[in-house]
Amino acid sequence: MLQTLYISLFFGCTFLLLDTNAYTYIQPLNTESGFCEGPGFKVAVGEEGYSTDESCEKILCHHGSREVFGCGKVIPPSDPQCHMVRESGHHPDCCLQVRCA
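Following this line, the structure appears as structure tokens:
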């Protein structure tokens with residue numbers, strides 16, 4: 001019993017320390033064409049894809065819906081040695097990050 005409590009506390013604290021600020025949602029979508037399609041994305045049903053615009057989203061296309069994973073908000077740094085950067089690549093690599101010198 002006590003061991004279970006310690007394990008639960010460990011994982012709970014770990015998740016709090018990770019500070020993951022992101023969003024996810026499921027959107028009903030007409031996939032009769034065999035694709036999840038919209039402005040900035042076209043992903044085949046059953047496949048994983050990425051937005052082609054600045055939104056930096058990962059898209060899982062399901063029959064009749066898409067599941068979207070996006071970046072969270074980043075608070076601009078007050079330290080002049082720090083700045084915000086956006087790396088190239090797909091989600092989550094393209095999410096804004098704070099870098100300090």
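Numbered per full-length UniProt numbering, the sequence shown spans residues 1 to 101. Yeah, the Cβ is synthetic: ideal placement off N, Cα and C, and Gly gets one too.
Inter-residue CB distance, residue i and residue j (contact presumed, cutoff 8 Å)
i             : j         : result
isoleucine 59 : valine 45 : Contact flag wrong, Cβ pair sits at about 11 Å.
glutamine 97  : valine 74 : 7 Å
Residue i, enclosing beta strand (DSSP E) - first and last residue
i            : result
valine 85    : 82-86
threonine 24 : 22-28
histidine 62 : 58-62
glycine 38   : 35-38
lysine 73    : Premise fails: lysine 73 is in no beta strand (DSSP E) and is neither H nor E.
valine 45    : Here valine 45 belongs to no beta strand (DSSP E), and DSSP marks it neither H nor E.
Cβ-Cβ distance between residue i and residue j below 8 Å
i            : j            : result
glycine 70   : leucine 29   : no
glutamate 87 : aspartate 93 : yes
cysteine 56  : cysteine 82  : no
serine 33    : glycine 40   : no
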